[in-house]
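Participant: Please find one structure pasted underneath; my questions will follow.
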Amino acid sequence: MAAVIDYVIVSAILLAIGIYGLTVKRNAIRMLFAIEIIINAANLNLVAFSRNLPAPNAAGQTLALFSIAIAAAEVAVGLALIIVAYRIHKDIDVKEFRSMSG
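And the structure:
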């Protein structure tokens with residue numbers, strides 16, 4: 026059995042990778058993947074801490090399932106926006122989107 030600290034360390038590594046992906050990468054799809062990695066880090070924390078509660082409690086797992094469902098909807102909307110942006114501008118570089126006006 027792994028201790029809670031093992032899960033927290035893995036979650037912190039996932040969070041660091043996600044933040045790195047958001048700050049360094051300029052591709053919209055890679056940024057979407059980075060957001061998903063951050064959400065997965067939060068879900069891992071929810072499940073790890075809920076698993077180690079003294080009383081049998083499934084609140085963490087339930088919140089993680091809702092978070093996964095919301096993340097799936099977020100990915101669907103994000104990919105739709107990226108596809109529309111690519112069709113209009115033939116590029117998905119976020120830096121170019123910032124310079125657009127009107």
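Counting from 26, one number per residue, gives the positions in the sequence shown under my numbering. The beta-carbon is built from N, C-alpha and C at its ideal position, and this holds for glycine as well.
1. For the alpha helix (DSSP H) that contains R112, what are its first and last residues?
2. Taking the alpha-carbon of N65 as reference, which of L39, D116, A98, G103 has the nearest alpha-carbon?
3. Go ahead and label I63 buried or exposed: buried means 16 or more other beta carbons lie within 10 angstroms of its beta carbon, across all protein chains shown.
4. Beta-carbon separation of I108 and I54 under 8 Å?
5. Contact check, A89 vs L78 under 8 Å by CB: the rounded distance?
6. According to DSSP, simplified to helix, strand and coil, what is N70?
7. Looking only at DSSP bridge pairs, what is N52 linked to?
8. Would you report the Cα separation of T48 and I60, rounded to the nearest angstrom?
9. Measuring only the C-alpha atoms, how far is I93 from K120?
Facilitator: Answer, in terms of the structure:
1. Unbroken alpha helix (DSSP H) run through R112: 84-114.
2. L39
3. buried
4. For I108 and I54, no; Cβs fall outside 8 Å.
5. About 14 Å separates the two Cβ atoms, so there is no contact after all.
6. helix
7. D118
8. 11 Å
9. 29 Å
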